[in-house]
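Q:
Numbering (our numbering), first residue to last: 2 to 172.
1. Mapping DSSP to helix, strand and coil, what is residue 45?
2. With a floor of 4 residues, list each alpha helix (DSSP H) that falls wholly inside the stretch 44-116, ordered by position along the chain.
3. Any chance the stretch 82-101 sits against the stretch 155-168, with 3 or more Cβ pairs inside 8 Å?
4. My understanding is that residue 117 touches residue 65, with C-beta atoms under 8 Å, so please give their C-beta distance in whole angstroms.
5. Give the single residue among 56, 76, 75, 96 whose Cα lies nearest to the Cα of residue 67.
6. Given residue 92, which residues of its chain have a CB within under 6 Å of its CB, disregarding the five upstream and five downstream residues?
7. Using the C-alpha atoms, what's the distance from residue 90 back to residue 120?
8. With a Cβ-Cβ cutoff of 8 Å, do residue 125 and residue 140 count as a contact?
9. Ordered along the chain, which non-local residues of its own chain (more than five positions away) have a Cβ less than 7 Å from that of residue 41?
10. What is the DSSP secondary structure of residue 139, counted as helix, strand or coil?
11. Secondary structure at residue 26, three-state DSSP: helix, strand or coil?
12. Using the Cα positions of residue 95 and residue 59, report the straight-line distance between them to the nearest angstrom.
13. Use the C-beta contact count for residue 153: other C-beta atoms within 10 angstroms, 16 or more gives buried, fewer gives exposed.
14. Measure from the alpha carbon of residue 88 to the alpha carbon of each residue in 82, 77, 110, 81, then state which is nearest.
15. What first and last residue would you give for the beta strand (DSSP E) that runs through residue 154?
16. Going by alpha carbons, who is nearest to residue 144 out of 151, 155, 166?
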């Protein structure tokens, strides 16, 4: 196959006259599209449906394997509804069960870190034991981290809710 070289002159059209009315129509259209596309994309993706697939059980097959995730939940406050994000972690425990909890410290709302085999809060040195259902081992935390409600569905860990009271701690 032989390639041909283009040696012609390319002419570009002149500037487009854009009147004020046409500009305003386009501006209104793009504003509307910009506001509605994320809403429909979110609805189509299932986001905001208060369910999230965290991982498969195969991905968390060995003891202490873990996966961090974000759970989105619609929260109503003072008559307004808004999506709030809750950071969480799913950990495979040595007995084969799962511990799925919030990464928001119940003391002051700092982010908890996983340092095998404990969850620790760097702000005030609270430590939690996932094997003992998040029991507070040290520090200022008044209680264990809030837990997520989850099910194992076709080999997937699916979070579908959050322990009551946790939404009050989100920042």
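The beta-carbon is built from N, C-alpha and C at its ideal position, and this holds for glycine as well.
This structure is a prediction, so every number in the text was calculated from the model and none was measured.
A: In short:
1. With a pLDDT of 43 at residue 45, under the threshold of 50, the modelled position of this residue cannot be trusted; read the value that follows with caution. Annotated three-state conformation of residue 45 is helix, per DSSP.
2. none
3. yes
4. Indeed, because the Cβ distance is near 5 Å, the residues count as touching under 8 Å.
5. Selection 56, 76, 75, 96 evaluated against residue 67 yields 56 as nearest (Cα-Cα).
6. Cβ neighbours of residue 92 beyond the five flanking positions: 67, 100, 131.
7. 10 Å
8. yes
9. With a pLDDT of 49 at residue 41, under the threshold of 50, the modelled position of that residue is not reliable, and no figure is offered here.
10. strand
11. helix
12. 15 Å
13. exposed
14. 110
15. 149-154
16. If you compare the alpha carbons of 151, 155, 166 with that of residue 144, the shortest gap goes to 166.
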